[in-house]
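Asker: The numbering used here runs 301 ahead of the 1-based position in the sequence shown. Glycine included, every Cβ here is placed at the ideal spot set by N, Cα and C. Remember, predicted model here, so these are calculated numbers, not experimental data.
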Amino acid sequence: MDFSVDRDVFQEAVQKTLGIVERKTTIPILSNILIRADGSSIRIVATDREMGLVADYEAQVSEKGDITVNARKLYEMIREMEGEKIHFKTSGNNQAFLAAEKVEYRIPGIPADDFPDVRREDNVQCFTIPARLLRGIIRKVFYAAFTDETRPSLNGIFFKKDGTTCEMVATDGHRLSLVVQALPEEKEDGVPVEGVIIPRKGLGEVRKMVDDGEGVVEMGVADHVMVVKKATSMLRLSLIDAVYPDYRRVVPKDRGVSVLIEKHRFLQSLRRMGVMSTELFSGVIISLDDGIMKLNSTNPDVGEANEEVPVDYHDGSISAGFNVRYLIEAVDSMEGETISFEMRSDGGPGVMRVQGTDDHLCIIMPIKIE
C-alpha cells in the first residue's frame, strides 16, 4: 500500500477514532485502526466490537492495500510531524512507514484480515436531522446519564421518534433531563416508535461527529443497531437491550413554587457555592423569601458560602437542599436567557425550564442537608 494524504485531514481522521478503540485490552487489534487504500481515497475503520466507525477521505493512492496499526501511536506520530502532506506506505512484513519532510516513522502493524468486520450500512431506512439540531439535543441531556455500567438501562440515553417529534432523555436516578424536539420533516422511517437506548459512549461519539454543527445527519435503526451517517462517515452502534424506566412518572403533574432568574446570574451564584464542594460534600440550600433567593453552602472541612440574589418572588418562605453540581450542569445545559426554577415544600423535586417553554425539562431530586 502506498498513498499520500493531507496531514491535517489524516490527523483529524485518526483523532476521531481514539474514543472508540480500546486503550486497555487483551485483544491487541482492538487498539488498532484499519487503513485501506483504493481508488482515490483511503478508508479508516475503528471498532470496540460494540461500536464501529467507517470514514472515507480523499488521498493520492499509488498502490492499493490495507493494514491495521495502533491508533493512539499513529495519532501521536502524525501530530508531531510537519509539512502539508504525509506519505504512508507498507512493506511485505506488516510494517508501515510515515514520512513528511525530513521525518520518518516506522510502526508495526497487524494484517487487515484479522480485523473485525465493520461494514457500511447503506440499506438502513433513515431519517434526517440537521447536525446543529442534534448537537443541541445531545448537549441538553448527555450530562445526566448514569456512568456506572452496573445499571445498563441508565448507562444509556433513551431516544424515540414519532412523526415530526423526537424525545431524548437521560437520568442517573438522582436527576433527569428531557428534551422534546420538533423535527423539520415528517418521516416514519428510522427509529421504532417505542424508542431505543443508545449507549452513553456511543452517543458521545455521535456528539463528536456533529460538533461542527454543519450539514445534516442520517439516523436509522435495524436489527438492534443504530446507524448514524454524516458526509463520508458512518457510526454503527449496538443498542442496549433493556427496558428504560418510565421517566414520565417522574415529571411532576403540578407546578411547584417557581421563580424566574437570569441564567448567567444563577450559574455564577451556583459556581460560587460550588467552591465549598469536596468529594464527600456538594450540597447547597436554596431559600426563597420575599424578593430574595438565598444560597448557602456550609462544609465543616472547607468553610461557608452565602449569597443573596434579588428575584421577583412574593409567595412565602420555602427552602430545599440540592447537589450543587447537579444544579450547575442543569443550568449550563439550558438554552435561554431566563430560567424558571421550581421548588416544592413536600420534598418533591426541583424543576428547571427555559422561560415560556416545556421543550427542555431538568429534574433534580432534593437532598437532606444537616
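(1) When we look at the beta-carbon of K286 and count the other beta-carbons within 10 Å, is it buried (16 or more) or exposed?
(2) For V518 and G457, I'd like the C-alpha separation in whole angstroms.
(3) Measure the alpha-carbon distance for K509 versus F567 and round it to whole angstroms.
(4) If you reduce the DSSP assignment to three classes, tell me which class L435 lands in.
(5) Beta-carbon separation of I586 and I670 under 8 angstroms?
(6) Assuming the contact rule is C-beta atoms closer than 8 angstroms, V652 and G637 should be a hit. Round their C-beta distance to whole Å, please.
(7) Going by DSSP, what residues sit across from G457 in a beta bridge?
(8) To the nearest angstrom, how far is the alpha carbon of T599 from that of V306?
(9) Report yes or no: do three or more beta-carbon pairs, one from the stretch 438 to 445 and one from the stretch 347 to 360, lie closer than 8 angstroms?
(10) Who are the near neighbours of I321 in its chain, counting only those whose CB is closer than 7 angstroms to its CB and skipping five residues on each side?
(11) Assign N624 to buried or exposed, taking buried as 16 or more other Cβ atoms, counted over all protein chains shown, within 10 Å of its Cβ.
(12) Please work out which residues of its chain come closer than 8 angstroms, Cβ to Cβ, to A543, disregarding the five sequence neighbours upstream and downstream, and give them in chain order.
(13) Could you have a look at M510 and say whether DSSP puts it in helix, strand or coil?
(14) Does the structure place the stretch 607 to 627 close enough to the stretch 572 to 590 that three or more beta carbon pairs sit under 8 angstroms?
(15) Nearest-angstrom Cα distance between V481 and M666?
(16) Could you spell out the range, first to last residue, of the alpha helix (DSSP H) harbouring Y358?
(17) Helix, strand or coil: which one does DSSP assign to E450?
(18) Who are A347's beta bridge partners in DSSP?
(19) Should K530 be labelled buried (16 or more other beta-carbon atoms within 10 Å of its own) or exposed?
(20) Note the first and the last residue of the continuous alpha helix (DSSP H) segment covering L335.
(21) How long is the line joining the alpha carbons of E608 and R436, rounded to whole angstroms?
(22) According to the neighbour-count rule (16 or more other Cβ atoms, all chains shown, within 10 Å of its Cβ), is R420 buried or exposed?
(23) If you reduce the DSSP assignment to three classes, tell me which class H661 lands in.
(24) Looking only at its chain, what residues have a beta carbon closer than 7 angstroms to the beta carbon of K365, apart from the 5 residues adjacent to it on each side?
Answerer: Per the coordinate set shown:
(1) Residue 286 is absent from the model: the chain starts at 302 and stops at 671.
(2) As a working note, residue 518 is residue 217 in the sequence shown. As a working note, residue 457 is residue 156 in the sequence shown. Roughly 20 angstroms between the two C-alpha positions.
(3) If you number the sequence shown from 1, residue 509 lands on position 208. If you number the sequence shown from 1, residue 567 lands on position 266. Near 28 angstroms, if we compare the C-alpha coordinates of F567 and K509.
(4) In the sequence shown, residue 435 corresponds to position 134, counting from 1. DSSP places L435 in helix when its eight states are reduced to three.
(5) As a working note, residue 586 is residue 285 in the sequence shown. As a working note, residue 670 is residue 369 in the sequence shown. Going by C-beta atoms, I586 is nearer than 8 angstroms to I670.
(6) Translated into positions along the sequence shown, residue 652 becomes position 351. Translated into positions along the sequence shown, residue 637 becomes position 336. Not a contact, Cβ separation roughly 15 angstroms.
(7) Sequence index remark: in the sequence shown, residue 457 carries index 156 (1-based). Its beta-bridge partners are P500.
(8) For the purposes of this step, residue 599 is taken as residue 298 along the sequence shown, with counting starting at 1. For the purposes of this step, residue 306 is taken as residue 5 along the sequence shown, with counting starting at 1. Approximately 57 angstroms, taken between the alpha carbons.
(9) no
(10) As a first step, residue 321 must be located in the sequence shown, where it is residue number 20. Taken in chain order, the residues that qualify are A347, T348, D349, M352, L354, E506.
(11) Taking the sequence shown and counting its residues from 1, one reaches residue 624 at position 323. Label assigned to N624: buried.
(12) The count along the sequence shown starts at 1 and reaches residue 543 at position 242. Excluding residues within five positions, the ones whose Cβ falls inside 8 angstroms are P453, S454, G457, I498.
(13) Numbered from its first residue, the sequence shown carries residue 510 at position 209. Here M510 sits in helix by DSSP.
(14) yes
(15) The residue you call residue 481 lines up with position 180 of the sequence shown. The residue you call residue 666 lines up with position 365 of the sequence shown. Near 21 angstroms, if we compare the C-alpha coordinates of M666 and V481.
(16) Along the sequence shown, one-based indexing puts residue 358 at 57. Taken as a continuous stretch (DSSP letters only), Y358 belongs to no alpha helix (DSSP H), being part of the beta strand (DSSP E) at 352 to 359.
(17) Taking the sequence shown and counting its residues from 1, one reaches residue 450 at position 149. Correct three-state label for E450: coil.
(18) Numbered from 1 along the sequence shown, position 46 holds the residue referred to as residue 347. For A347, which the question treats as bridged, DSSP gives the partners L354.
(19) For the purposes of this step, residue 530 is identified with residue 229 of the sequence shown, where counting begins at 1. When all chains shown are included, K530 counts as buried.
(20) For the purposes of this step, residue 335 is identified with residue 34 of the sequence shown, where counting begins at 1. Per DSSP, L335 belongs to no alpha helix (DSSP H); it is in the beta strand (DSSP E), 333 to 339.
(21) Stepping through the sequence shown from its first residue, residue 608 is reached at position 307. Stepping through the sequence shown from its first residue, residue 436 is reached at position 135. Their backbone Cα atoms lie some 34 angstroms apart in a straight line.
(22) Start at 1 with the first residue of the sequence shown, and residue 420 comes out as number 119. The residue in question, R420, is exposed, as its Cβ has fewer than 16 Cβ neighbours within 10 Å.
(23) Your numbering for residue 661 matches position 360 in the sequence shown. The answer is strand: DSSP assigns H661 an E or B state.
(24) Here residue 365 is taken as the residue at index 64 of the sequence shown, counted from 1. Only M302, A338, D339 meet the Cβ criterion.
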